[in-house]
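S.K.: Oh and the sequence shown: position 63 is 198 in the numbering used here, straight run, nothing missing. Ideal Cβ placement from N, Cα and C applies to all residues, glycine included.
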Amino acid sequence: MDRELQARIAQAAADVFAGTPVFLAYAYGSRCTGGARPDSDLDVGYYVGASSPSQALPIKEEMVLASRLSTRVGLDVDLRHLGDAPLELRGRALEDGVRIYCSDHVARVNLERDLLSAYHDYKFEIMRFHDLRLARFALRGA
Numbered sequence: 136m137d138r139e140l141q142a143r144i145a146q147a148a149a150d151v152f153a154g155t156p157v158f159l160a161y162a163y164g165s166r167c168t169g170g171a172r173p174d175s176d177l178d179v180g181y182y183v184g185a186s187s188p189s190q191a192l193p194i195k196e197e198m199v200l201a202s203r204l205s206t207r208v209g210l211d212v213d214l215r216h217l218g219d220a221p222l223e224l225r226g227r228a229l230e231d232g233v234r235i236y237c238s239d240h241v242a243r244v245n246l247e248r249d250l251l252s253a254y255h256d257y258k259f260e261i262m263r264f265h266d267l268r269l270a271r272f273a274l275r276g277a
């Protein structure tokens, strides 16, 4: 992701998430890894409240925030709560993504420490399962 876009996204996130229960957000996906097409959306994952990061925003509030982010950034935004996402998605968002908003740095460090510890415990097993699944598809010709 180029620095200009990253700065624009971070400023938009600060404006949109300020005063909401969101305390931490990451941009991730093809826009961050360099695989984006011109029509690719921007994947943004968020965590709510340091004391209950698995709690999601109500869908209506999530949609409003996604719309505001989209308007300010100039890209379609796919906003997703990461607190209840699969470990692989949370780990990849953290490792491959870009932190775009944080209102509680102590809670962020604790969350990232715990997440990286769990993700790295299972990362190679997850990759092995993907390889086995692809090998099975190759054998079937699918």
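1) Hey, residue 261 and residue 160: beta-carbon distance below 8 Å or not?
2) With burial defined as no fewer than 16 other Cβ atoms inside 10 Å of the residue's Cβ, what is the status of residue 194: buried or exposed?
3) Give me the DSSP bridge partner(s) of residue 160.
4) Which one of 243, 245, 237 and 215 has the shortest CA to CA distance from residue 164?
5) Which runs of the alpha helix (DSSP H), 4 residues or longer, sit entirely within the segment 188 to 218?
6) Return helix, strand or coil for residue 166, following the three-state DSSP convention.
M.R.: From the atom records:
1) It is not a contact, given that the beta carbons lie outside the stated cut-off.
2) With fewer than 16 other beta carbons inside 10 angstroms of its own, residue 194 counts as exposed.
3) According to the DSSP secondary-structure assignment, residue 160 is paired through a beta bridge with 181 and 236.
4) Nearest option by C-alpha distance: 215.
5) Entirely contained in the segment 188 to 218, the alpha helix (DSSP H) runs reaching 4 residues are, in chain order, 194 to 208.
6) Of the three classes helix, strand and coil, the one that applies to residue 166 here is helix, per DSSP.
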